[in-house]
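Structure, as structure tokens:
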Amino acid sequence: METTATTTKPGILSGIQPTSVLTIGNYFGALKNWATMQDEFDAYYMVANLHAQTVKMDPAELRRRSAETFALFLAAGIDPARSTVFVQSHVPEHTQLTWALMCNAYMGELSRMTQFKEKSAKTADNINAGLFTYPVLMAADILVYQAKYIPVGADQKQHVELTRDIAIRFNNMYGETFVIPEPYIPKIGARVMSLQEPEKKMSKSDPNPNGYIRILDEPDVIIKKLKRAVTDSEGEITGNPERAGVYNLLSIYSVCTNGSIEDSVAHFAGKGYGDLKSGVADAIIETLKPIQTEYARVLADKAYLNEMMKRGAERAQATARKTVRKVYHKMGFDT
Ligand code: AQP
């Protein structure tokens, strides 16, 4: 496999936490775009397993899910020959850089992170320090690869702002060290909403399994969940975003068929919600079929999977090590 030691393409970094099996929200909102960005960017894609531990996870489950999520990245079209794809904990430089950044981040700015407020309200029995300092680890994830662009949803924009502030502060104090990253809105992107509460985003840790479709769900499960999807009492299929349930189904159909909302509305013109739900279910099943087949193949080949994880980590580490050496030297640490 070819490894790109030097490149002139802008760096990009993104990750997904292996807290549960990924949903079609993770696919259409992240993985599908990642695959299309592989040639334009020097892409780093990681299984964010260190982040997943801010909620309590069983160690054996976390280990298994990390490997499965990595396999799913490959199955969804992330090509280890074109992108650096790896598991976060395999590259210890992330945590090494975190400490350096932690000493250049302030309690006040971390206290302003809205996601901390939301998440700590949800897990009142486990407000661990990791949940509070998680944005600094995220800053390290980005800065350690000198990534220029960070594809993020609105909920993560504040964390990219914080990363910029820390990087600028560090550069001012110690001299030019970090590339200052920018949030990046992919050309095609989709926010997939819950099938049960369509005003909320589809989430893999939703306690109600009817709210999400997993990338690995069997066709009969997909059909059943779609049948239960929340719509409204209007009966007519239009592309009005205020009718959140129907609009969500239309946009899922659009991303599955690579069409526009107008195309989807035209496709279902004169039909009822039963047809809409079965049409969307079929489109999802067709989209997921090749990914599921490839996933089964990759997961069955443990030697290949382990080798890809090892190579990905080595390739990521080659870049990360350079940054940490530079930072530690500037700060007066000997290693
Ligand atoms: N519903 C969604 N629509 C579009 N994009 C989505 N993403 C997640 N859900 C949707 C995108 O997936 C990437 C990684 O997500 P994550 O695992 O780091 O955490 P998250 O954003 O908090 O996603 P979940 O599924 O809700 O995770 P849990 O339940 O573990 O907290 C991001 O690029 C995100 O935009």
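In the numbering used here, the protein residues as written are 1299 to 1633. For every residue, glycine included, the Cβ atom is placed at its ideal position computed from N, Cα and C.
Here Asn1546 is buried: its Cβ has 16 or more other Cβ atoms, across all protein chains shown, within 10 Å. Taking the CA atoms as reference points, Asn1347 sits about 6 Å from Pro1316.
For the ligand AQP, the residues with a Cβ under 5 Å from any of its heavy atoms are, in chain order, Ile1314, Gln1315, Thr1317, Gly1323, Asn1324, Gly1327, Ala1328, Gly1451, Arg1489, Val1490, Lys1499, Met1500, Ser1501, Lys1502 and Ser1503. Secondary structure note for Met1436: its alpha helix (DSSP H) is the uninterrupted segment Ala1427 to Leu1441. Annotation: Asp1356 is outside any beta strand (DSSP E) and is labelled neither H nor E by DSSP. For Lys1354, the CB contacts under 8 Å within the same chain, skipping 5 residues up- and downstream, are Asn1424 in chain order.
Secondary structure at Lys1608: helix, using DSSP grouped into helix, strand and coil.
Considering only Ala1419, Gln1615 and Ile1448, the residue with the shortest C-alpha distance to Trp1332 is Ile1448. Taking C-beta atoms as the reference points, Ile1589 and Thr1321 fail to come closer than 9 Å.
Under DSSP, Leu1311 forms a beta bridge with Tyr1342. Given a length threshold of 3 residues, the region 1513-1539 has no whole run of the beta strand (DSSP E) inside it. With contacts defined by Cβ atoms closer than 9 Å, Gly1323 and Arg1489 form a contacting pair. Between His1388 and Met1607 the beta-carbon gap is near 7 Å, inside 8 Å, which marks them as a contact. Excluding the 5 residues flanking it on each side, Pro1539 has same chain C-beta neighbours closer than 6 Å at Tyr1545, in chain order. By the Cβ neighbour-count rule, Asp1599 is exposed, with fewer than 16 other Cβ atoms within 10 Å of its own. Rounded to the nearest whole angstrom, the CA to CA distance from Thr1305 to Leu1429 is 35 Å.
Going by DSSP, Val1578 is part of the alpha helix (DSSP H) stretching over Tyr1571 to Ala1598.
Contact between Val1625 and Leu1395 is confirmed by a C-beta separation of about 6 Å, below the 8 Å threshold. Per DSSP, reduced to three states, the secondary structure at Met1491 is strand. The straight-line gap separating the alpha-carbon atoms of Ser1558 and Ser1549 is approximately 8 Å.
Between the C-alpha atoms of Phe1476 and Met1436 there is a straight-line separation of about 14 Å. In this structure, DSSP gives Glu1416 a helical state, which the three-state scheme calls helix. When secondary structure is reduced to three states using DSSP, Thr1321 falls in the strand class. The beta-carbon separation of Ile1582 and Cys1554, rounded to 6 Å, stays under the 8 Å limit for a contact. Bounds of any beta strand (DSSP E) do not take in Tyr1510, whose DSSP letter is neither H nor E. Rounded to whole angstroms, the separation of the alpha carbons of Leu1574 and Met1500 is 19 Å.
9 Å or more divides the Cβ of Ala1341 from the Cβ of Glu1592. The Cβ atoms of Thr1352 and Met1400 do not sit closer than 9 Å to each other. About 11 Å separates the Cβ atoms of Arg1467 and Ile1478, ruling out a contact at the 8 Å cut-off. Rounded to the nearest whole angstrom, the CA to CA distance from Leu1514 to Gly1375 is 15 Å. Excluding its 5 nearest sequence neighbours in each direction, Asn1506 has C-beta neighbours in its own chain below 7 Å: Gln1494, listed in chain order.
The beta carbon of Leu1360 lies closer than 8 Å to those of Pro1316, Asn1347, Ala1350 and Gln1351 in the same chain, with the five residues before and after it left out. Assigned with DSSP and collapsed to three states, Glu1391 falls in helix.
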